Every structure is written in structure tokens, then in C-alpha cells.
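Number of protein chains: 2
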Amino acid sequence: MVLFADLDEQDFSAIHTPIDDLEFKKGSTLYDRSSRSQGIYTLRTGMVKLVRVTADGRQRIVRILRPGDVVGLEVLTSPCYDSDAVALTEVSVCRIPVDVIFKLGANNQRLHLKLMQKWQQTVKDADDWLADLNFGTARQRVSNLMLKMRSPDDPEMTTIFSRDDMGAMLDLKMETVSREINQLMREEVIEQLDRLGRVYRIRNSELLMTN
Amino acid sequence: MVLFADLDEQDFSAIHTPIDDLEFKKGSTLYDRSSRSQGIYTLRTGMVKLVRVTADGRQRIVRILRPGDVVGLEVLTSPCYDSDAVALTEVSVCRIPVDVIFKLGANNQRLHLKLMQKWQQTVKDADDWLADLNFGTARQRVSNLMLKMRSPDDPEMTTIFSRDDMGAMLDLKMETVSREINQLMREEVIEQLDRLGRVYRIRNSELLMTN
DNA sequence: CGAGCGCTTGACCGGCGTCAACACCCGTGG
DNA sequence: CCACGGGTGTTGACGCCGGTCAAGCGCTCG
Numbered sequence: 002m003v004l005f006a007d008l009d010e011q012d013f014s015a016i017h018t019p020i021d022d023l024e025f026k027k028g029s030t031l032y033d034r035s036s037r038s039q040g041i042y043t044l045r046t047g048m049v050k051l052v053r054v055t056a057d058g059r060q061r062i063v064r065i066l067r068p069g070d071v072v073g074l075e076v077l078t079s080p081c082y083d084s085d086a087v088a089l090t091e092v093s094v095c096r097i098p099v100d101v102i103f104k105l106g107a108n109n110q111r112l113h114l115k116l117m118q119k120w121q122q123t124v125k126d127a128d129d130w131l132a133d134l135n136f137g138t139a140r141q142r143v144s145n146l147m148l149k150m151r152s153p154d155d156p157e158m159t160t161i162f163s164r165d166d167m168g169a170m171l172d173l174k175m176e177t178v179s180r181e182i183n184q185l186m187r188e189e190v191i192e193q194l195d196r197l198g199r200v201y202r203i204r205n206s207e208l209l210m211t212n
Numbered sequence: 002m003v004l005f006a007d008l009d010e011q012d013f014s015a016i017h018t019p020i021d022d023l024e025f026k027k028g029s030t031l032y033d034r035s036s037r038s039q040g041i042y043t044l045r046t047g048m049v050k051l052v053r054v055t056a057d058g059r060q061r062i063v064r065i066l067r068p069g070d071v072v073g074l075e076v077l078t079s080p081c082y083d084s085d086a087v088a089l090t091e092v093s094v095c096r097i098p099v100d101v102i103f104k105l106g107a108n109n110q111r112l113h114l115k116l117m118q119k120w121q122q123t124v125k126d127a128d129d130w131l132a133d134l135n136f137g138t139a140r141q142r143v144s145n146l147m148l149k150m151r152s153p154d155d156p157e158m159t160t161i162f163s164r165d166d167m168g169a170m171l172d173l174k175m176e177t178v179s180r181e182i183n184q185l186m187r188e189e190v191i192e193q194l195d196r197l198g199r200v201y202r203i204r205n206s207e208l209l210m211t212n
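Sequence order for the protein chains is A and B.
Each position in the first sequence, counted from 1, maps to that position plus 1 in the numbering used here.
Each position in the second sequence, counted from 1, maps to that position plus 1 in the numbering used here.
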């Protein structure tokens, strides 16, 4: 209940339309650009990637969403979504139809404030993504991604993605991503914790930052 | 009056705080990250760049704003700005104190809708910027920038920036930008119209798009 | 055990960065 | 009027980072 955290009882009684709790499997798409609006989603657990296809047919990941983020805000003012949303892990979300937002929002100042905060966070995330992950050498990009994907409750842990996805995030080729990660491991800056190459421990965050 | 286009007389009478019309010279900064919020700006004429400084001290331009855009929306929910805003040309803006927005918004549904549309446009612009201008070869990036900066009322005309600024937008070095532009001119895809290298005519937009 | 997928690693190549020289525009001052 | 200097843009030579192509490894699942 990211958006409704501090609504009154009476606010809730105004809701007649159902709010669905949904689960998505790893790899399944919550929505794509062609689909009509089915509402906005608040992300409870898991990670979601927002994907666009460039003019020349390649995939570009424009942002990663994590628990607490809102997915698909754009349909509040637009009939369709701006990108595809694909689950990177098992994902559980809460889907809220657009008209529920408008009914509640009609005379609810606090919801407007919460929405505005979500918009602001989205813009900031987008700008951060551009400034931190798409600038500089391959090594800098990979380092910054490892830092950005740290676990909120244990900043030594970080979990990343398939090498292909990382390429689409950082504008690098899979092979380059692989090389940089293994280089960081040889230098003992990071340490692999699983067998699949997704979970790492950061042993020297200083060095990652000053790359 | 981008935001207040369809407000009632009575809405306006609620405003006591002054709304300033301001002018900025080319190169002057409207605000920077350290400055306290002085309100949001609607851009009437000219162009503004939003700039961030990366960890390693280089400048990154995250977006260009043009007439009709709103500058500094983030201070509606945050005490300070997320980036520096610098005038790329002579600029005239309309500055609206934050509390005016809140006073008007308290019971004005249409203003909320307008604001939401501005937020959505901002996110879309940010994502477009990432997907179109920071992906692919130098030639593709320069081509896409020329397309994005076309004049709204004459799509054959496009006006760009200093080579250094273009580098900070596209994550390329000045020299590379210069080479690509001159290459496009030799191929007669574009044609320079001024002596400073800012205004061009697009002679073959097909070719620019399919690069 | 073998097929298939994702990841790693090596060899090679090309595009972009680096460094430097130079052209051009403009303002200033002689 | 020209001489000069600084800022911006262009162009060339060269080197290196990251892309390309290909082989091989290690899982997982049939």
C-alpha cells in the first residue's frame, strides 16, 4: 500500500472497484506499449525492467523498478504505456484501476501529494540512470550499476542481472560486461556469492565509487 | 501561462503572491543544485539545459527544455533542485512560487491534471533522451539529436549547440561530434545556414532516421 | 549422457578518444 | 586600419577501449 499508506477509513470506503493483488513469473510482461491501460501498479516484491525498442530494433532498458516503486504512472494522463514492463524476478504487485485514483483524488490532498512524490522520484531515477550508468568507461558503468543495485538493508550485498540485460542497461555488449565483472573479481573488489553470477558481496565500495 | 491556461477568473483572484516574468541572458543559470527553491518556471522562449556533475567531475546534460516546458517541477515535493538549469539562449520565463501552486491546487482539479501531464511529459522526455540520444554509434546519436531539435513550426530547420555541449548530451567528445556533423554535410544530408554552426536545414530526414 | 543455454575467454579489428596543429571569428588596443 | 590574443571549431595521426567473431566451459534439464 505504497500510495494509500496514510488514508482514512472513510477514504477507503469510497473505493468500490476492486484492487487486485497480482503475481507475475520471472520473465513475464506486466504490460507492453501496445496494451491498453489496465491501471497502475505498486511493486511489493521483486524487480521489474522498463524496456524500449530502438529505431534499429535493439532493446534498451530505461530503468529498473524495485519494491515501493510505482509502475505505469503514465496512464494517469495517457491512454497507453510508454514502455514494456517485464518481471526480472518473481514479482508481486498491487494493481489499482485509474478511476479509483481519480475518485479518491477528487477531494484528497494527501493522495495528490503522494502521487507527486512518486512522479518526482521517477524523474530523479530516470536522470540518475542516465547520469550514472550511461557515462564513462565500461568499468565505471558496471561499478555504478553494482552500487545502484545494493540491497537496501545490507549495503554490502548487491544483486545484478543476466549479462545481456546488463548490456541493454549500460549500452555495452554482453562480453564487455562479463570481462569487467571478472576483472573486478580478480582485483577482489567484489566477490561472487551464488553459482549463477547474480549475487555479489562488495568488498571495497570505495574503489567502486572512485573508479 | 502554460499551467494556468484554463483557470477561471476566480482561481486567479486567489493569487496574492506575485508571479514574476523574468529574463535570463545566454549562459546564465536559473538555479543550481545548491540553491534553495525559488519556485517553478514555465519556459516562454529560448532553451534551457539541465546539467549534472558526475562523480569524476565531468558535466552531463540530462535534458533540454524548450518553450512550453516546465523547469524545476521537483521543488513541489523537495526542498531543492535536482540539477543545474542553464540558459542556452536568451530565455524568458515565468516564475511561480511553490505556495501559489498549493493554494490554487487545494481545490482545483484542473490544475492537478495539468501538473500531472507536465510530470508525465518530463518522464517521457527523460526516457526518450536516454533511448534515442545515448545509444548506438556517434553518427546515430548526432542524427537523432538533429531530429529531436527540429523547429516545431518548420521541421526542416534544426538548431543545435556548441560542440562541447553536444558532447555532454551524447556522451561523445567534441571532436567526434564535429567530425560527424561535417560528414553529414559532405553527404548533403544537412546544410549549414549560419556562420556559427548552430542552424541547419535537413535535406534528407529519411537518411537521418535510418542511420 | 547429450543438448541447449548462459557465461567466459581469446584474437583481432574498428570506432572513438587523445593530442596537437591550425583555421576562423570576434573583441580589444595600438 | 591592422596586429594581436582568446575562444570555438576543424582536421589529422595515432593508440586504445570496447565490439565482433568464435571456441570452449559449466549448468540444468531432458
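Beta carbons: idealized from backbone N, C-alpha and C, even for Gly.
None of these values were measured; they are calculated from a predicted model.
Residue range of the beta strand (DSSP E) that residue 192 of chain A falls in? The residue you call residue 192 of chain A lines up with position 191 of the first sequence. Residues 191-193.
Would you say residue 128 of chain A reaches chain B, if we count a Cβ-Cβ gap shorter than 7 Å as a contact? In the first sequence, residue 128 of chain A corresponds to position 127, counting from 1. So yes, residue 128 of chain A belongs to the interface.
Leaving out five residues before and five after residue 60 of chain A in sequence, what residues of the same chain have Cβ atoms less than 7 Å from its Cβ? Residue mapping note: residue 60 of chain A aligns to position 59 of the first sequence, counting from 1. Taken in chain order, the residues that qualify are 52, 54, 169.
Segment contact flag, the segment 84-92 of chain B with the segment 30-40 of chain B, C-beta cutoff 8 Å, min 3 pairs: yes
Identify the contact partners of residue 109 of chain B in chain A, using a Cβ-Cβ distance below 8 Å as the criterion. Here residue 109 of chain B refers to the residue found at position 108 when the second sequence is read from its first residue. The contacting residues do not exist; residue 109 of chain B stays about 11 Å from chain A at best.
Using a Cβ cut-off of 7 Å (strictly closer), state whether residue 53 of chain A contacts chain B. For the purposes of this step, residue 53 of chain A is identified with residue 52 of the first sequence, where counting begins at 1. Yes - at least one Cβ of chain B is within 7 Å of the one on residue 53 of chain A.
For residue 95 of chain A and residue 166 of chain B, the rounded distance between their alpha carbons: By 1-based counting over the second sequence, the position of residue 166 of chain B is 165. By 1-based counting over the first sequence, the position of residue 95 of chain A is 94. Roughly 42 Å separates the two Cα atoms.
Tell me which residue opens and which closes the beta strand (DSSP E) that residue 128 of chain A is part of. Here residue 128 of chain A corresponds to residue number 127 of the first sequence, with the count starting at 1. No beta strand (DSSP E) contains residue 128 of chain A, which is instead part of the alpha helix (DSSP H) from 110-134.
Proximal residues, the segment 49-74 of chain B versus chain A, C-beta separation under 8 Å: 51, 53, 55, 56, 57, 59, 61, 63, 64, 74
For the pair the segment 134-148 of chain B and the segment 38-51 of chain B, tell me if three or more CB-CB distances fall below 8 Å. no
Where residue 124 of chain B meets chain A, residues with beta-carbon distance less than 8 Å: Within the second sequence, the letter at position 123 stands for residue 124 of chain B. Neighbours of residue 124 of chain B on chain A, chain order: 74, 75, 83, 120, 123, 124, 127.
Buried or exposed, going by whether 16 or more other CB atoms sit within 10 Å of the CB of residue 141 of chain A? The residue given as residue 141 of chain A occupies position 140 in the first sequence. When all chains shown are included, residue 141 of chain A counts as buried.
Can at least three beta-carbon pairs, one atom from the segment 66-78 of chain B and one from the segment 116-128 of chain A, be found at a separation below 8 Å? yes
For residue 172 of chain A, go through chain B and note every residue whose CB falls closer than 9 Å to its CB, in chain order. Mapped onto the first sequence, residue 172 of chain A falls at position 171. Here the neighbours are 135, 136, 137, 172.
Short CB-CB distance (under 7 Å) between residue 131 of chain A and chain B: In the first sequence, residue 131 of chain A corresponds to position 130, counting from 1. Chain B contact via Cβ: present.
Quick check on residue 64 of chain A: does DSSP put it in helix, strand or coil? On the first sequence, residue 64 of chain A is found 63 positions in, with the first residue counted as 1. Strand at residue 64 of chain A.
Given a cut-off of 7 Å on the beta-carbon distance, is the pair residue 83 of chain A and residue 149 of chain B in contact? For the purposes of this step, residue 83 of chain A is taken as the residue at position 82 of the first sequence. For the purposes of this step, residue 149 of chain B is taken as the residue at position 148 of the second sequence. Their beta carbons are not under 7 Å apart, which means residue 83 of chain A does not touch residue 149 of chain B by this criterion.
Anything in chain A within Cβ reach of residue 175 of chain B, meaning under 7 Å, just list it in chain order. Translated into positions along the second sequence, residue 175 of chain B becomes position 174. The contacting residues do not exist; residue 175 of chain B stays about 16 Å from chain A at best.
Could you work out which residues of chain A lie near residue 79 of chain B, taking near to mean beta carbons separated by less than 7 Å? To locate residue 79 of chain B, count along the second sequence from 1; it is residue 78. In chain order: 121.
Beta bridge counterpart(s) of residue 21 of chain B as assigned by DSSP: The sequence position of residue 21 of chain B within the second sequence is 20, counting from 1. According to DSSP, residue 21 of chain B bridges with B:96.
List the DSSP bridge partners of residue 55 of chain A. Locating residue 55 of chain A in the first sequence gives position 54, where the first residue counts as 1. Its beta-bridge partners do not exist; DSSP assigns none.
So for residue 149 of chain A, helix, strand or coil by DSSP? Walking along the first sequence from the start, residue 149 of chain A turns up at place 148. Helix, per DSSP.
At the 7 Å Cβ level, is residue 167 of chain B part of the contact set with chain A, yes or no? Position 166 of the second sequence, counted from the start, is the residue given in the question as residue 167 of chain B. No, residue 167 of chain B does not count as interfacial toward chain A.
Partners in chain B for residue 210 of chain A, counting only beta-carbon separations shorter than 7 Å: One-based indexing of the first sequence puts residue 210 of chain A at position 209. Result: 56.
From the DSSP output, read off the bridge partner residues of residue 158 of chain B. Here residue 158 of chain B is taken as the residue at index 157 of the second sequence, counted from 1. Beta-bridge pairing links residue 158 of chain B to B:202.
Nearest by alpha-carbon distance to residue 155 of chain A: which of A:201, A:104, A:179, A:70 is it? Position 154 of the first sequence, counted from the first residue, corresponds to residue 155 of chain A. Comparing Cα-Cα distances from residue 155 of chain A to each of A:201, A:104, A:179, A:70, the minimum goes to A:201.
If you drop the 5 nearest sequence neighbours on each side, which residues of the same chain put their C-beta closer than 7 Å to that of residue 205 of chain B? For the purposes of this step, residue 205 of chain B is taken as residue 204 along the second sequence, with counting starting at 1. Excluding sequence neighbours, residue 205 of chain B sits near 190.
Short of 8 Å in beta carbon distance, which residues of its chain neighbour residue 113 of chain B, apart from the five on each side in sequence? Order them along the chain. In the second sequence, counting from the first residue as 1, residue 113 of chain B sits at position 112. The residues are 106.
Run the CB neighbour count on residue 48 of chain A, radius 10 Å, all protein chains shown included, and call it buried at 16 or more, exposed below. Here residue 48 of chain A refers to the residue found at position 47 of the first sequence. By the 10 Å Cβ count, residue 48 of chain A comes out buried.
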